[in-house]
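Novice: These protein sequence lines map, in sequence, to chains A and B. Numbering follows the working numbering, in which position 141 of the first sequence is assigned residue number 141; successive positions increment by one, without gaps. Numbering follows the working numbering, in which position 121 of the second sequence is assigned residue number 1121; successive positions increment by one, without gaps.
Protein chains: 2
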Amino acid sequence: MTRQSRSGDATVAAVRHFTRFFTRRIGVLRRRLYASPFSLVEARVLYEVAHHPGTSAGAVASGLGLDPGQLSRTLNALVRRGLVRRRKATGDARRHALETTARGAKAFAGLDSASRAEVAALLAPLGAHDRDALTGALATAERLLEPARPAADEFVLRSPAIGDMGALTAAQARLYAREYGWNGEFEALVAEIVAKFIRDFDPARERCWIADRRGEIAGSIFLVKESDKVAKIRLVYLEPWARGVGLGRRMLAECLAFARACGYAKVVLWTNDCLVDARRLYEKAGFVLVESERHRSFGKDLVGQSWSLDLSAR
Amino acid sequence: MTRQSRSGDATVAAVRHFTRFFTRRIGVLRRRLYASPFSLVEARVLYEVAHHPGTSAGAVASGLGLDPGQLSRTLNALVRRGLVRRRKATGDARRHALETTARGAKAFAGLDSASRAEVAALLAPLGAHDRDALTGALATAERLLEPARPAADEFVLRSPAIGDMGALTAAQARLYAREYGWNGEFEALVAEIVAKFIRDFDPARERCWIADRRGEIAGSIFLVKESDKVAKIRLVYLEPWARGVGLGRRMLAECLAFARACGYAKVVLWTNDCLVDARRLYEKAGFVLVESERHRSFGKDLVGQSWSLDLSAR
DNA sequence: CCCGATTAGTTGACTTTGTCAAATATCAAT
DNA sequence: ATTGATATTTGACAAAGTCAACTAATCGGG
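#1: Would you kindly work out how many angstroms separate the C-alpha atoms of Thr-74/A and Ala-1278/B, rounded to a whole number?
#2: With DSSP as the reference, identify every bridge partner of Gly-1304/B, one or two as the case may be.
#3: Using beta-carbon positions only, say whether His-1096/B and Ala-1107/B come within less than 7 Å of one another.
#4: Helix, strand or coil: how does DSSP classify Leu-66/A here?
#5: In angstroms, rounded to a whole number, what distance separates the CA positions of Pro-1053/B and Glu-1099/B?
#6: Helix, strand or coil for Val-1224/B, going by three-state DSSP, please let me know.
#7: Checking 7 Å against the spacing of the C-beta atoms, do Leu-252/A and Ala-231/A come in under that value?
#8: Can you find at least 3 beta carbon pairs, one from the stretch 1175-1194 of chain B and one from the stretch 1292-1307 of chain B, that sit closer than 8 Å?
#9: What do you get for Pro-1147/B, buried or exposed, if any count of 16 or more other CB atoms within 10 angstroms of its CB means buried?
#10: What residue from Ala-151/A, Glu-187/A and Pro-150/A has the CA that sits closest to Met-1165/B's CA?
#11: Considering Cα atoms alone, identify which of Gly-1184/B, Arg-1213/B and Pro-1068/B is closest to Arg-1149/B.
#12: Using 10 angstroms around the beta-carbon of Asp-1132/B, count the other beta-carbons present and answer buried if the total reaches 16, otherwise exposed.
#13: Measuring only the C-alpha atoms, how far is Arg-1020/B from Asp-1153/B?
#14: Could you list which residues in chain B have their beta carbon closer than 7 Å to that of His-129/A, in chain order?
#15: Please report the distance separating the alpha-carbon of His-1017/B from that of Gly-91/A.
#16: Candidates Leu-275/A, Ser-292/A, Cys-262/A and Gly-304/A: which alpha carbon is nearest Ser-312/A's?
#17: Whole angstroms is fine: what's the gap from Ala-141/A's alpha carbon to Ile-1221/B's?
#18: From what residue to what residue does the alpha helix (DSSP H) around Lys-1088/B run?
#19: Where does Ile-1162/B fall in DSSP's three states?
#20: What does Pro-1147/B touch in chain A if you count any residue whose Cβ is under 8 Å from its own?
#21: Quick one: measure Cβ to Cβ for Arg-103/A and Gly-82/A, integer angstroms, because I've assumed they're closer than 8 Å.
#22: Are the stretch 1300-1309 of chain B and the stretch 1190-1207 of chain B in contact at 8 Å, needing three or more beta carbon pairs?
#23: Would you verify that the beta carbon of Ala-1014/B is, or is not, closer than 7 Å to some beta carbon of chain A?
#24: Quick check on the burial criterion: 16 or more other C-beta atoms within 10 angstroms. Buried or exposed for Trp-209/A?
#25: Quick one: give me the first and last residue of the alpha helix (DSSP H) that Ala-107/A is part of.
#26: Can you pull the chain B residues whose beta carbon is under 9 Å from the beta carbon of Asp-157/A, in chain order?
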């Protein structure tokens, strides 16, 4: 997937290249639509109205990037054909609430499934792995091109698949390298931890959760067995773009629920004091700081912290 | 980045979602062009002619996905304005060779740099890491959407950056899982090997090459020290889409040249007999099979092979 | 409650883009 | 030279996109 820091120019070139490529590729997809009785814009408007019943013309126009005038005319055509209804909106008489008629909904369903089939045909030659890779790549591209915070409900907590351990290693190594300047030593440490996790995995008492958004890894948390009564949380991380939507809390809660269900009496973890957000998370969950010691690791002077949570209390 | 096998439907939905997103995003970029005296199609045609001097109308039309008629008129407009020249092509009098005039080249340069600046502005909020991630993601997406074999000269051999070891681990684990059904044990092994490589790295006598195509990892090869006189090749792999363009040979050659320069007398490697392509590569480079033994690893019954190359001979 | 400024949407008058079929000029091969 | 293909142009439109003027409602003070 990645990378050696390239110049800004190279990225600009890559984006322009992709834009040209995709314009051509989309062009092909678009043209196909002409087997239907709808023009491309009509189909897009129908899609928008079908997906957001009750929207206003303005919302549709800005959602599709269309000129309000053009949209008005397109809507007229759809209304004339009995596919879309304009209804008085509640409160503001300037705007109309738009919705599809029964006929419009049916026409849209036809269009939609045709479009789906077309894309499915495009993807037919790809194997499962390539599909997953494509899904993730598109999610990454969109996230980076669109400066908007993802919604909490887009994240799924799932167990790891093959390759995820390596991907996690890469993600964490890169994250801490750019945020704190840690060196390859940290990547080696993570690689050793995940290798050990795979080798000694006890499915009944250990688990790993991957936070996944549209096929892109957003974070992780591991629970491993230290002894019969003590579990240890490891490799907690969250991509910066996935922070601030309560995902960390959710992951920790999931992890602790599992620890309780396993009958552990205590959960411990080790972290560094520079990871402020994570520390706050542990405190809120009831963890207490047990020990703190200076150490030199990953090319930096750090302060390691041991935290502990008593599960038998409560 | 990644993934847990999702249904075909989910990928279709992801592609459709991205198409809508990108259509809107491109729309914004396109409109900006209108500050110039060129229409969008004129600009695109000018771009194509400037980049491929001497092309024919047909080539431009199919390259941009334009109707030949539309293109003909657009060319007329550009010729009328003195920006493009039609010249008799050598051999075939039906087609004209197209090229920009001096004025056309100048106009194009202005457009081009404006477009570059615009994309650069779009990317301005991104840090180096995000830029690299975007570059790689776009390369992945394009590769998967366009069924065309990459050209040999697009691949660069470079040394690893932070995160590459984890990414390699993921890539190899996934590759061998889908091609040969190997399980997580293999991923653990790779993670251990890369961890050890980082920890014990001897820059004078060891090296790792990453094959990189447009920010996407396409393969790897490692040379590590076994003893003063013996080096070992490890973790050789090549993505299926990067095969068949002589890249494997190039990587092995690079690696062996380095081994020679280091003064090693012998290079050894261990592989499995099911990796047929790799074996052929080693044979061609002069390696001889030293030993072969059955073993059970990665959830499969395999035949391991030790190969050796004497560097002192020759 | 009224008044000016804003906002949502419509309409008219365009230009640009995209489509399709027919026409013209070669070319390649018998 | 004739025939069937290929490259490009032209004509006639349909669809998409732009821009400014216009209508009707709403909002935020006085």
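In this text, a Cβ means the ideal position worked out from N, Cα and C, and glycines have one as well.
Specialist: Quick look at the numbers:
#1: 59 Å
#2: Asn-1272/B and Glu-1293/B
#3: no
#4: coil
#5: 5 Å
#6: strand
#7: no
#8: yes
#9: exposed
#10: Glu-187/A
#11: Arg-1213/B
#12: buried
#13: 33 Å
#14: Arg-1174 and Arg-1178
#15: 32 Å
#16: Cys-262/A
#17: 28 Å
#18: Premise fails: Lys-1088/B lies in the beta strand (DSSP E), 1084-1088, not in any alpha helix (DSSP H).
#19: coil
#20: Pro-125
#21: 6 Å
#22: no
#23: yes
#24: buried
#25: 102-123
#26: Here residue 157/A is Leu; the residue named in the question, Asp, does not match the sequence. Under the 9 Å cutoff, chain B gives no residues; its nearest Cβ is about 11 Å from Leu-157/A.
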